[in-house]
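Enquirer: The structure under discussion is supplied below as structure tokens; questions concerning it will follow.
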Amino acid sequence: MARKELSKSFEPAEAEKRLYDYWIKNKYFHAQDTSDAPAFSIVIPPPNVTGMLHMGHALNNTLQDIITRFKRMQGYNTLWMPGMDHAGIATQNVVEQQLMKEGISRHDLGREKFIARVWEWKEKYGGVIINQLKRLGCSCDWERERFTMDKGLSHAVREVFVRLYNEGLIYQGDYIVNWCPRCHTAISDLEVEFKQDQSFLWNIRYKFADESGEIVVATTRPETMLGDTAVAVNPNDKRYADKIGKYVILPLMNKKIPIIADEYVTMDFGSGAVKITPGSDPNDFAMAQRHNLEIITIIDGNGIINDNGGAYKGQDRYEARKNVIADLDRQGFLVGTEPYAHNVGQCYRCKTDIEPMVSKQWFVKIKPLAKQAIAAVVKGKIKIVPKSWEATYFDWMNNIRDWCISRQLWWGHRIPVWYCDGCGKIIVATADPDKCPECGGAKLRQDEDVLDTWFSSALWPFSTLGWPQKTKALKTFYPTSLLITGFDILFFWVARMMMMGIYVMKDVPFKDVYLHALVRDEKGEKMSKSKGNSIDPILMIDQYGTDAFRFTLAAYTAQGRDVRLSPERIEGYKFFVNKIWNASKLTLGHLDDFDESEPLCAPDSLPDKWIKVKLNEAIAEVIKALDEYRFNDASAAVYRFIWHELCDWYLELSKPVFYGKENPEQRKTAQRTLHEVFQTMLQLLHPFMPFLTEELWQILKGSDENSIMVSRFPVVNALWEDTAAEKEMEMIMEIITSIRNIRGEMRIAPSQKLKVFISAADEQNKKSIEKDQSYILNLANLESLKVEINMVEPKGVATAVIGATKIFVPLAGAVDISAEKARLEKELGKVSKDLDQCSKKLSNRDFRAKAASEIIQKEEEKLKDFQKKFTTLEGALKKLKGFSV
RNA sequence: AGGCAAGUAGCUCAGGGGGAGAGCGCCAUCCUGACGCGGUGGAUGUCCAGGGUUCAAAUCCCUGCUUGCCUACCA
């Protein structure tokens, strides 16, 4: 079989491009709409169209690709649905910044032209991340790529909006919302980030209208007092019992406001009295609704004091704060100031301080939807992995508040609501209406607002499959099998998909949710551009290759743990890639004249049997670990098998049979084993290292006719099970290791061939060692090996003990007695400690009475072993002492 | 303020009721016919502290300390 000669090392850059093109060309990523095979589907968490691949994406998509490739190889009709999110605020910001450079604003362009500009931007610069995902090796079905603003998905958005509206689950109302004065839009509670601020607490006195005294209130936002409409105290607060119902004069505004009682007020904070500004504080707003208080808005959408702010009109909120404080102080209303640390809400996009503001917005009445989404998890229809996230999920879902879905932006799904100028009728429809159904008037105005970006991503699992059309793909792939995402968007996205999926499809959007951790830097800090500690995944790919990078991410993804990434680790796995490459070079050399069709004469050798047992173990562990989303365990199992079992032992053990020409039959058998083990190893590794394995697979097969991608993932082979062979091999390996150990400790040159004696435990032990002695001779570099039962210990030897088997290594020339003495003493120390512990346990009456019988038996066996070892070592040591005297 | 997770070798972390593990690093040694991005051997631990359950605890429970995160946001 003529094969391509392997280069000195694997060249990732060239191979990755070539192989990815090859996969695309052959449509290996494409899923069938209908198929006899069972379906497996994952939808990608759609990256922002403005996005660049960061470590979070790299981790997230590597994990998805591992599972996708694994399932595909297991024979599932596997769909990994890709796409991007239009990312309302983020994208609008990008284009607005572009406009700013040109010296214009979006208002100069007008809505239509601006949106056209955004689309233009999207076509030109958007979706860089898609190509980056390709470099990561992602096997998404690109033929199905979707965008949250494309035609089909926009249709789905309208459909869902109208349904929710018609069922009374969407409503419009004046409520206090989180307003970003920079983005000029309302944002949801989730989009507010709280940051600690070292500020002050200002104490202000409000005098009673009847001049009977004063009441002191504390505030972190003195400027909002301009909009106060009450002062509240706790109804149980005896200090103020007789003050409730009285009026105070609001300083600076010179206005009468009432003192009310509400449970919300904590008695032991400050004076126990609190100023109420319903227009600028969510809690105060709620209280105003309970008490029918007047709601005054004093700050406008730009964060500027409006007409209601009296003399402070036109001032920025922070400027007004200074002035209000100064005036209060001058007029004797300021009691005092104390330093105070509190949290200030900021816009998650632009970090501007949020201004709670009353405005007319659209909301989703969320409780009825949440109820079902909670039930889905309770009933186990959706499994959250790791399970510890369930508590967080329930806690949030049980306390969920209505979702503000309108945004005062231009880029996004415009709310499908029209107002008739003629009769005032509100029309909510999936298709643009041309006249009013009520009065027939044609003057219709569409609502100016767009929907929260997360509204369309909440529909992602079914909208991408063609809903509301009844497509074959929808039928085949919904509910999807698995969602893999970061825990940071559990509420933003996962919970909302669950609510919408159940509401619209009457079925959960996915069966399993795997939440992975965050990627941090070496110090454990969150990576961010502003901190300058972020590592560019593409740089890592360029430097170490995609396979090494992916393997690193998998290896460090333990459930519930953050990934602390350091380039050194990636380098370590690059070495692993190199190791595999070199092992392949050796293997392919051995298989140069391999003929699969030739019948076998010789039976499997011991290493042949053993490596298949180990391969079986690796297969079982990889499958089990991946089924349970234990990526680190799966990668560790492959790593251990390839490096420490295949390379360290099997390839070394079988060198003689491959290099030697004296036993062609045995060689053929070994070739078959090696061929099978090697190809199975590649398949096991493929989900983690797609490029390297595809390259080697094609070289092994001598053609690119069949991709490793469409080969069947390995399964445990019952015919390979062989406990006897495993034990026998382990014995041989232990003997080899013991001799090497003595060599190392006694400083015997590796080149020096040794004559070793073994005292076998019994006849069977003797026979098996003799049968397998060639392995020992080779790997321990011996000149000869003599095995006898109950051999008398020769003079001038170093001794090692394995159970009842004793190994004597003659020390050539001048025996370094002190070194051997030290070595034996060290060993003896260890054994005597073990022996002590073990015998103590066994002499404990309670242990014998209560411990499980297998445990007792095991302990007894251990004790025997320890005793034998102890006696042997002690004997050897005594002899040595006598020798030295 | 509540909640969750974690504290194990120098570092990064697995594990998890019955003999303390891996990778990296470190030390020694080796140009053995795939690999020095390698081979071989070695050293290193009050498994955070205290208490409890148990025949047996690094592992389960409680308390505390430390760290990280999430949720809420009391003026």
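Everything in the first sequence is counted per this note's numbering, starting at 8 for the first residue and increasing by one. Backbone N, C-alpha and C define an ideal beta-carbon position, used for all residues, glycine too.
Is TYR325 buried or exposed, if buried means 16 or more other CB atoms sit within 10 Å of its CB?
Expert: exposed
Enquirer: Pick out the complete beta strand (DSSP E) segments inside the segment 776-805, 3 residues or longer, and give them in chain order.
Expert: 789-796
Enquirer: Counting only the same chain and skipping the five closest in sequence on each side, list residues whose C-beta sits under 8 Å from that of LYS793.
Expert: LYS762, VAL763, PHE764 and ILE765
Enquirer: Does the distance from the CB of GLY180 to the CB of ARG719 come in under 8 Å?
Expert: no
Enquirer: Return yes when the Cβ of VAL501 is within less than 8 Å of the Cβ of LYS388, no when it is not.
Expert: In this structure, the beta-carbon distance from LYS388 to VAL501 does not fall below 8 Å.
Enquirer: Determine whether the beta carbon atoms of THR69 and LEU143 lie at a separation below 8 Å.
Expert: Yes, Cβ-Cβ distance for THR69 and LEU143 is below 8 Å.
Enquirer: Pull up the DSSP beta-bridge partners for TRP209, would you.
Expert: Per DSSP, THR226 and THR344.
Enquirer: Hey, TRP369 and ILE122: beta-carbon distance below 8 Å or not?
Expert: no
Enquirer: Measuring CB atoms only, is the segment 805-818 touching the segment 856-867, in the sense that at least three cross pairs come out at less than 8 Å?
Expert: The answer is no - the segment 856-867 does not touch the segment 805-818, with fewer than three Cβ pairs under 8 Å.
Enquirer: Roughly how many angstroms lie between the CA atoms of MET8 and LEU607, to the nearest whole one?
Expert: Interpretation of MET8 is limited by its pLDDT of 46, a score under 50 that renders its predicted location unreliable; no figure is taken from the coordinates.
Enquirer: Are there 16 or more other CB atoms within 10 angstroms of the CB of VAL722, so buried, or fewer, so exposed?
Expert: exposed
Enquirer: What does ASN84 pair with, by DSSP beta-bridge criteria?
Expert: Bridge partners of ASN84: ALA46.
Enquirer: Given this structure, state the Cα-to-Cα distance separating ASP314 from LYS202, to the nearest angstrom.
Expert: Straight-line Cα distance between these residues: approximately 30 Å.
Enquirer: Quick one: residues in its chain with C-beta nearer than 7 Å to the C-beta of GLN686, no 5 flanking neighbours on either side, listed in chain order?
Expert: Within the same chain, GLN686 has close Cβ partners LEU707.
Enquirer: Under 8 Å between the Cβ atoms of PHE873 and CYS845?
Expert: yes
Enquirer: With three or more C-beta pairs closer than 8 Å as the rule, is the segment 438-457 touching the segment 479-488?
Expert: Touching, no, given that fewer than three Cβ pairs across the two stretches are closer than 8 Å.
Enquirer: Identify the residues that DSSP records as bridge partners of SER366: which are they?
Expert: TYR182
Enquirer: Buried or exposed: where does ALA327 fall if 16 or more other Cβ atoms within 10 Å of its Cβ makes it buried?
Expert: buried
Enquirer: Quick one, are the C-beta atoms of ARG414 and ASP456 less than 8 Å apart?
Expert: yes
Enquirer: My assumption, with CB atoms under 8 Å, is that PRO423 sits in contact with PHE168. Please give the rounded CB distance.
Expert: Indeed, because the Cβ distance is near 6 Å, the residues count as touching under 8 Å.
Enquirer: Give me the Cα-Cα distance between MET274 and ALA293, rounded to the nearest whole angstrom.
Expert: 19 Å
Enquirer: Is it buried or exposed, LEU335, if we count other Cβ atoms within 10 angstroms and call 16 or more buried?
Expert: buried
Enquirer: Report the partner residues of PHE215 according to the DSSP bridge assignment.
Expert: According to DSSP, PHE215 bridges with VAL255.
Enquirer: If you compare alpha carbons, which of GLY579, GLN39 and CYS145 is closest to ILE31?
Expert: CYS145
Enquirer: If you compare alpha carbons, which of THR680, TYR400 and ARG25 is closest to LEU613?
Expert: THR680
Enquirer: Between GLN205 and the rest of its own chain, which residues show a CB-CB distance below 6 Å, the 5 nearest in sequence each way excluded?
Expert: Spatial neighbours of GLN205 in its own chain (CB-CB distance under 6 Å, excluding positions within 5 residues in sequence) are listed in chain order as ALA348.
Enquirer: In chain order, what residues of the same chain have a beta carbon less than 7 Å from the beta carbon of TYR178, not counting five sequence neighbours either side?
Expert: PHE370 and LYS372
Enquirer: Any idea which residues DSSP pairs GLU221 with across the strands?
Expert: LYS214
Enquirer: What does the alpha-carbon distance come out to for the pair VAL892 and PRO801?
Expert: Any reading at VAL892 needs caution, since the residue's pLDDT is 39, under 50, leaving its predicted position unreliable; the model's value is listed next. Roughly 18 Å between the two C-alpha positions.
Enquirer: DSSP three-state call for LEU143: helix, strand or coil?
Expert: coil
Enquirer: For the alpha helix (DSSP H) containing LEU689, name the first residue and the last one.
Expert: 671-692
Enquirer: In terms of residue numbering, what span does the beta strand (DSSP E) encompassing ILE264 cover?
Expert: 262-268
Enquirer: Rounded to the nearest angstrom, what separates LYS875 and LEU884 at their Cα positions?
Expert: 14 Å
Enquirer: Since VAL238 contacts LYS282 with CB under 8 Å, what's their CB separation in whole angstroms?
Expert: VAL238 to LYS282, Cβ: 6 Å. Contact.
Enquirer: Buried or exposed for GLN104, please, with buried defined as at least 16 other CB atoms from any protein chain shown within 10 angstroms of its CB.
Expert: Counting Cβ neighbours within 10 Å, GLN104 comes out exposed, since fewer than 16 surround it.
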